[in-house]
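FYI, the working numbering numbers position 223 of the sequence shown as 227, with every residue one higher than the one before it. First comes the structure, then the notes that go with it.
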Amino acid sequence: MFKSVTSSFGSAMPLDIYPPQPLCEEDDFSSVILILQGVEIDKSEYAAIATEFNQHQFWVIIPNCYPAGRDYLCPENCSAEKAIAALKSASSGPLDRALQRGVILLGHSAGGMAAFGALAVNSPELFTKLRAIVTYGSGAPSNTSYISPLPPILMLSGQKDSVVPQQLSRSAFQRIPTSAKTFIELNGLNHYSINESQQPIGSPTEENQADFSNRDSVSSIARILKSFVQNVKFPQENWLNSLDEDIVRAIAYSESSWQD
């Protein structure tokens, strides 16, 4: 069984690195998913979904993000940039090539806000190719007009999320000034259905019990994200209609395409 590799790369930012399974030296197609956590949710809480992404041939990077001078976990706008800088300074071989092909930011809760905020501090030499932003249980900055251009965006919202209710996520989705965006409401999932635990220690309290196990939920989320990324690379008409996922409750979307 594969175990993650934890490293700080001298950056004081611990990172869990999950290579694709199987990992091939001649790999020439995998991309990187960088997960930005919710408030006070340790990176280990995303191990299950990272493993699911590995099986879909993604590299997964999960940092523990501490705000400057603080001792609690919460991503900042600069967290993604710092993580990519640390990786690019030390990676080699397949991971380095994957970073050159593209990075997908996956932000959970406050991590989704940080994913959007990362665009405001994006340094081209560090984010070589930001392919897409995916959020789960998240809002968006009240003003994103200063961020241009926006990559394709997928927002996922659990129907039973009481921490960031679906109405809040949908309102945030409507404010995002791009046509390359997709919103999916997931039936029976709550705020922590993306995590290992139903209620991670120290995180905001979820009032609603999910209808599905976390194991089943992360598998479905991973398949949806894979389909989204494939459509971003190779656009297909009505791609979401082909999703065979019982948890998909409602969809609002427009066409998105891979930006080179």
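All residues carry an ideal CB built from backbone N, CA and C; glycine is no exception. Just so you know, these numbers come straight off a predicted model, no measurement behind them.
#1: Can you give, in chain order, each stretch of the alpha helix (DSSP H) that sits fully within the segment 135–189 and has at least 4 residues?
#2: Return the residue from the list Gln-178, Gln-41 and Cys-69 that minimises the CA-CA distance to Leu-110.
#3: Please report the distance separating the alpha-carbon of Gly-141 from that of Ala-118.
#4: Helix, strand or coil for Asp-215 per DSSP?
#5: In angstroms with no decimal places, state the Cα-to-Cα distance between Tyr-196 and Cys-69.
#6: So for Arg-253, helix, strand or coil by DSSP?
#7: Under 8 Å by Cβ, that's how I've got Ile-21 and Ile-65 pegged, so tell me the actual separation to the nearest angstrom.
#8: May I ask which residues mark the beginning and end of the alpha helix (DSSP H) holding Leu-103?
#9: Contact defined as beta carbons within less than 8 Å: I believe Tyr-76 pairs with Glu-44. What is the distance between those atoms, to the nearest angstrom?
#10: In whole angstroms, what separates the C-alpha of Ser-175 from that of Leu-27?
#11: Where does Glu-241 land, buried or exposed, given buried means 16+ other C-beta within 10 angstroms?
#12: For Asn-245, count the other beta carbons within 10 Å of its own beta carbon; 16 or more makes it buried, fewer makes it exposed. Which is it?
#13: Looking at the secondary structure, which residues open and close the beta strand (DSSP E) in which Ile-65 lies?
#14: Measuring only the C-alpha atoms, how far is Pro-156 from Thr-209?
Considering the structure as presented:
#1: 170–179
#2: Gln-41
#3: 13 Å
#4: coil
#5: 18 Å
#6: strand
#7: 6 Å
#8: 98–105
#9: 6 Å
#10: 40 Å
#11: exposed
#12: exposed
#13: 63–67
#14: 31 Å
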